[in-house]
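Undergrad: So for the sequence shown, this note's numbering puts the first residue at 1; every next one is plus one.
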Amino acid sequence: MRDHFARTDLRAGQAELTWHLLIEDPEVVRTLARWRGSLAGAEHLAPVADEGLHLTMQVVGLLDALPADAPARVASAVRDRLRGLGPVTVELTRPEVVEDGVVVGVRDDTALQQLRAAIRAGVADAGLEISDGDDWWPHVTLAYSTTEATGESTREALAVAAEDPAGPPALTVQRVSLLAQRMEPPTYVWDVLDAVELSA
1 MRDHFARTDL RAGQAELTWH LLIEDPEVVR TLARWRGSLA GAEHLAPVAD
51 EGLHLTMQVV GLLDALPADA PARVASAVRD RLRGLGPVTV ELTRPEVVED
101 GVVVGVRDDT ALQQLRAAIR AGVADAGLEI SDGDDWWPHV TLAYSTTEAT
151 GESTREALAV AAEDPAGPPA LTVQRVSLLA QRMEPPTYVW DVLDAVELSA
């Protein structure tokens with residue numbers, strides 16, 4: 001495993017404009033917190049607090065490189081694109097160890113892919129360019145790796161999650177949130193600039 005925060009594209013404290021799904025459903029948060037608890041004591045991992053659980057949909061760009069009115073323009077354009085689109089429900093997976101942390105994936109991301117395509121179209125409607133491509137893997141991070149380490153002990157700790165009889169929870173997406181997000185190792189913090197409700 002490697003240090004997630006050893007990034008070359010973003011400095012500590014620098015804000016980026018991004019669309020997130022904030023994980024707010026109490027049942028989902030409880031399940032993820034229970035799984036996250038199995039990682040307690042792993043010194044190379046920084047757990048994500050309940051209020052920091054999120055699924056990144058689309059990074060728009062560094063806030064200081066965008067026009068001052070970019071957040072308002074993007075929010076308006078994405079709201080237009082999402083008009084008439086109702087809430088979507090997806091099933092999460094059990095946690096797994098990846099190169100820079102421990103994450104929970106999405107079993108069938110078709111609905112989220114469609115939602116993301118609408119967000120990307122809205123960003124384009126606002127006259128902004130997106131630098132990343134279509135290669136996107138939706139996931140929720142439970143803990144970030146903060147140093148180089150082997151993943152074996154982490155996998156052993158996750159046996160608790162693997163044996164959880166409740167199984168992975170279903171996540172219903174009610175809204176998407178536009179954030180000014182900053183990397184402040186060992187976590188991320190943000191200000192919510194706007195939110196678009198999904199209501200058919």
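Quick reminder that beta carbons are idealized off the backbone N, C-alpha and C, glycines included.
If you're wondering where the values come from, they're calculated on a predicted model, not measured in any experiment.
Take glycine 61 as the anchor and find which of Leu128, Pro165, Ile23 and Asp100 has the nearest alpha-carbon.
TA: For glycine 61, the closest of Leu128, Pro165, Ile23 and Asp100 by C-alpha to C-alpha distance is Leu128.
Undergrad: When you compare only the Cα positions, how much space is there between proline 186 and phenylalanine 5?
TA: 7 Å
Undergrad: Enumerated in chain order, which unbroken segments of the beta strand (DSSP E) with a length of 3 residues or greater are wholly contained in the stretch 20-107?
TA: 45-47, 54-62, 88-98 and 101-106
Undergrad: Identify whether leucine 17 lies in helix, strand or coil by the three-state DSSP scheme.
TA: DSSP, reduced to helix, strand and coil, places leucine 17 within a strand of the structure shown.
Undergrad: By a C-beta neighbour count over all protein chains shown, 10 Å radius and 16 as the cutoff for buried, is valine 140 buried or exposed?
TA: buried
Undergrad: According to DSSP, tryptophan 190 sits in a beta bridge with which residue or residues?
TA: Gln181
Undergrad: With a Cβ-Cβ cutoff of 8 Å, do proline 168 and arginine 94 count as a contact?
TA: yes
Undergrad: Going by Cα to Cα distance, which pick from Ala149, Gln181, Trp190 and Val29 is closest to glutamate 43?
TA: Ala149
Undergrad: May I have the straight-line CA-CA distance separating glutamate 184 from threonine 89, to the nearest angstrom?
TA: 31 Å
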